[in-house]
Ligand SMILES: C[S@@+](CC[C@H](N)C(=O)[O-])C[C@H]1O[C@@H](n2cnc3c(N)ncnc32)[C@H](O)[C@@H]1O
């Protein structure tokens with residue numbers, strides 16, 4: 027998943043603050059119990075998105091793709107005093123596990139988990155968000171972006187995970203059948219052409235874009 031070499035990855039991890047113990051537990055249990063544990067944000071990306079959130083101090087955060095709740099807990103670290111995080115997950119089998127982790131993190135009253143398809147749920151949310159994290163199925167990234175822009179406050183931020191797709195974004199489009207790679211490439215071009223935003227792509231882990239709505 028990471029595009030930097032393993033030694034550098036280890037060095038970065040060693041020189042990044044520790045995550046809270048509940049996050050270490052979630053990471054360990056996700057690797058023990060999940061079919062695709064590598065989907066989890068993990069320590070370095072987790073500390074990064076937590077710090078972004080603390081810089082913004084958002085009132086409302088939206089996350090698209092909860093998985094085992096790791097990134098939701100990181101993002102919630104930056105919520106303002108009465109702030110609230112909404113997170114959307116299509117896999118209902120994660121319900122009990124997520125509830126248990128949010129309880130243990132002491133943030134159950136600050137988080138609402140919506141189980142269902144984000145494409146259906148986002149339009150129903152009557153909230154303007156300060157920060158949105160897009161981290162669900164890659165083929166729908168363009169749709170999530172359009173929906174997110176409609177739900178984002180002016181000056182608000184969108185974080186998007188996996189924008190380098192293990193470096194495959196450098197592959198030729200012609201004749202390529204990797205749907206996820208093609209969707210990510212199309213998404214990155216869409217953001218780059220969008221005059222309503224300023225954006226920066228960061229080579230952290232699998233690539234993360236930070237996008238601000240400026241008009
Ligand atoms: C990469 S994982 C999210 C990882 C999580 N944000 C973290 O860092 O720990 C993507 C998640 O999106 C969920 N997902 C996929 N398609 C979805 C959809 N249409 N609506 C909501 N969730 C979806 C998957 O079930 C999976 O749990």
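In the working numbering, the protein residues as written are 27 to 241.
The beta carbon of each residue, even a glycine, is placed where N, CA and C say it ideally should be.
Bear in mind the structure is a predicted one, so any value in this text is a computation, not a measurement.
When rounded, the separation of the alpha-carbon atoms in residue 40 and residue 180 is 37 Å. Under DSSP, residue 238 forms a beta bridge with 183, 224. Here residue 193 is exposed, its C-beta having fewer than 16 other C-beta atoms within 10 Å.
Residue pairing by DSSP leaves residue 203 without any beta bridge partner. Between the beta-carbon of residue 74 and that of residue 95 there is about 17 Å, and that puts the pair past the 8 Å contact cut. With a cut-off of 8 Å, the C-beta of residue 42 is classified as distant from ligand 1, since no heavy atom of the ligand falls inside that distance. Beta-bridge annotation (DSSP): residue 128 is not paired with any residue. Per DSSP, residue 115 is not a residue of any alpha helix (DSSP H); the beta strand (DSSP E) it occupies stretches across 110 to 115. Take residue 171, set aside five residues on each side of it, and the residues of its chain with a beta-carbon closer than 8 Å to its own are 160, 184, 186, 213, 216, 217, in chain order. Within 8 Å of the C-beta of residue 171 there is not a single heavy atom belonging to ligand 1. Close CB contacts of residue 188 within its chain, under the 6 Å cut and outside five residues either way in sequence, are with 232 (chain order).
Rounded to the nearest whole angstrom, the C-alpha separation of residue 59 and residue 51 is 12 Å. With respect to the 9 Å criterion, residue 139 and residue 203 are not classified as neighbours on the basis of their beta carbons. Annotated three-state conformation of residue 230 is coil, per DSSP.
Note that the C-beta distance between residue 104 and residue 157 is below 9 Å. Taken through DSSP and simplified to helix, strand or coil, residue 103 comes out as coil. Annotation: the continuous alpha helix (DSSP H) that includes residue 35 extends over 32 to 40. For residue 92, the distance from the CB to the nearest heavy atom of ligand 1 is below 8 Å. Residue pairing for residue 140: DSSP places it in a beta bridge opposite 114. The C-beta of residue 229 has fewer than 16 other C-beta atoms within 10 Å across all chains shown, which makes the residue exposed.
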